[in-house]
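Notes follow the structure.
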Amino acid sequence: MPIQLTLNIDTATLQDLLAYLEETASGQEPAEAAVHALRYWLAEVRKQAPSPDAPALRGYQWKSLFLPDGSRLRMYCQHEYGYARVVGDQLMYHGRALTPNQFVAACSGGTRNAWRDVSVNFPGEKTWKLACVRRDELVRLGQQAAAGAASAATPPLNTSGLQENAWPARERRRNFTALDDVAFD
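Heads up, the sequence shown is in the working numbering, so the first residue is 1 and it goes up one at a time.
As structure tokens, then:
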């Protein structure tokens, strides 16, 4: 025989449940309806929860550019390449965790613009791209997504053939002065 426990439910929720059961002329007992609702809720929560087997997305956030775990950075300086790798949440170069700016300084021995001097290779890609190019691509994708959302939200064009005057000339003249209206002293 299954063990049954009592749960405390606030009065308003219980009244809503009883009213719903009465409105729908359901033959369910309130306890059965509550069990059904809890099981449904648990199933929905489990669908939305991330799987414990799914790997957590790890990587290094370089301002607006996310470098996933396994990304490689490369910089050419003094006739050789310096390589760094994203391991977990850190950018590693010669066993030390650095920022991209510190990586550039360690490779070049001075201060340079990391966005223009560092090439990035994401996991699974064959090509290297400058960090500034990757950043610009990200900005462009964001603008395209925003433009797509804005075009979907714009009202339909006037197809009646009549052009509406958004700002009648009279009103404009009343609110703003033209150069002819200015008195010179």
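Where is the CB? At the ideal position from N, CA and C, for every residue including glycine. Remember, it's a predicted structure, so these values are computed and weren't measured experimentally.
Exposure of residue i, with buried meaning 16 or more beta-carbon neighbours within 10 Å
i: Asp-89; result: exposed
i: Leu-91; result: buried
i: Asp-117; result: buried
i: Met-75; result: buried
i: Leu-138; result: exposed
i: Leu-5; result: exposed
i: Ala-114; result: buried
i: Ala-248; result: Residue 248 is absent from the structure shown; the chain starts at 1 and stops at 185.
Reduced DSSP secondary structure (H/G/I, E/B, other) of residue i
i: Phe-186; result: This structure does not reach residue 186, given that the chain is present from 1 up to 185, and the question cannot be answered.
i: Glu-137; result: helix
i: Gln-78; result: coil
i: Ala-49; result: coil
i: Pro-100; result: helix
i: Leu-57; result: coil
i: Gln-28; result: coil
i: Trp-62; result: strand
i: Arg-72; result: strand
i: Leu-14; result: helix
i: Leu-42; result: helix
Cross-strand partners of residue i (DSSP beta bridge)
i: Glu-22; result: Answer is none; Glu-22 lacks a bridge partner.
i: Met-92; result: Arg-85, Ala-97
CB contact check: residue i to chain D, cutoff 7 Å
i: Arg-58; result: In the structure shown, chain D cannot be found, because there is only a single protein chain.
Cβ contact check for the segment 106-116 and the segment 59-77: 3 or more pairs under 8 Å: The segment 106-116, when compared against the segment 59-77, does touch it at the 8 Å Cβ threshold.
Three CB pairs or more closer than 8 Å across the segment 31-45 and the segment 63-74: Using a C-beta cut-off of 8 Å, the segment 31-45 makes no contact with the segment 63-74, since fewer than three inter-stretch Cβ pairs fall below that distance.
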